[in-house]
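Have a look at the structure below, then the notes.
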Amino acid sequence: MFSIRSIGASALCRQLLLLAVVALGISACGVTQKLRPYRIDIRQGNYVTQEMAAQLSPGMTEEQVRFVMGSPLLVDPFHANRWDYIYSFAAGGKPAETRRITLLFKDNKLSSVEGDVIAAIPAAPSAASAPAAQSAPRL
C-alpha cells in the first residue's frame, strides 16, 4: 500500500510547507525591516551653527570672517565678494537636508548675510524701547 518513497515525499512536503509558513510569519511580523543593510550618515560641506552666524557682524574683515566661519566651500571667481557656505546631511539613506549661508563683502568688509542660518545683527536701541530704570527695594 504505502511505499517508502511516498512516505519520504510526504515528509518532505510537510517540511517545505512548515518552512513556507515560518517564512511567511517572519515576514509578516516586520523582522525584515530590521534586517536591512546599515546606511551611514553622509555629511558634506561646511557645518555652520547658529552660534557661528551670531558672531558675524557687518564691517568684519575677510580674515575675521574666515576665522569665525572657516574657509568657504565656494568662492565664485566671477564674484570674489561672495562666499557661499553649503552643508548637506543625509541620515541613513533618507533625503538630504541642506543648509546654505551666503556672505557678501563690499570693500573687503562684510556687508550682508543671506541664507538659512541668519546672523543675529543687533538693532540700535531706541529711547522708547529702553527699559525704565527701577530702584532696588530697601530692606
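Residue numbers (UniProt numbering): 1 to 139.
For every residue, glycine included, the Cβ atom is placed at its ideal position computed from N, Cα and C.
*asked:* Quick check on DSSP: helix, strand or coil for Ala123?
replied: As a first step, residue 123 must be located in the sequence shown, where it is residue number 123. A caution first: Ala123 carries a pLDDT of 46, below 50, which makes its placement in the model unreliable, though a value can still be read off. Ala123: coil per DSSP, three-state reduction.
*So is Ile40 buried or exposed if we call it buried at 16+ other beta carbons inside 10 Å?*
Looking up residue 40 in the sequence shown gives position 40. It counts as exposed.
*Under a Cβ-count criterion, where at least 16 other Cβ atoms within 10 Å of its own Cβ denotes burial, should Val65 be classed as buried or exposed?*
Within the sequence shown, numbered from 1, the residue matching residue 65 stands at position 65. With 16 or more Cβ atoms within 10 Å of its Cβ, Val65 is classed as buried.
*Is it true that the CB of Glu62 sits closer than 7 angstroms to the CB of Asn108?*
The residue you call residue 108 lines up with position 108 of the sequence shown. The residue you call residue 62 lines up with position 62 of the sequence shown. Closer than 7 angstroms, so yes.
*asked:* Alpha carbons only, please: which of Arg99, Val68 and Ser10 is nearest the one belonging to Ala90?
replied: Along the sequence shown, read from residue 1 onward, the residue named residue 90 stands at position 90. Selected option, being the one with the closest Cα: Arg99.
*In the DSSP assignment, find the unbroken beta strand (DSSP E) run with Arg99 in it and report its ends.*
Stepping through the sequence shown from its first residue, residue 99 is reached at position 99. Unbroken beta strand (DSSP E) run through Arg99: Glu97 to Lys106.
*Give the straight-line distance between the Cα atoms of Leu18 and Gly92, rounded to the nearest whole angstrom.*
Position 18 of the sequence shown, counted from the start, is the residue given in the question as residue 18. Position 92 of the sequence shown, counted from the start, is the residue given in the question as residue 92. Taking the straight line from one Cα to the other gives about 36 angstroms.
*Say yes only if the C-beta of Ser88 is nearer than 6 angstroms to one or more non-hydrogen atoms of the ligand MG, and no if none qualify.*
With respect to the ligand MG, the structure shown offers nothing to examine, as it has no ligands at all.
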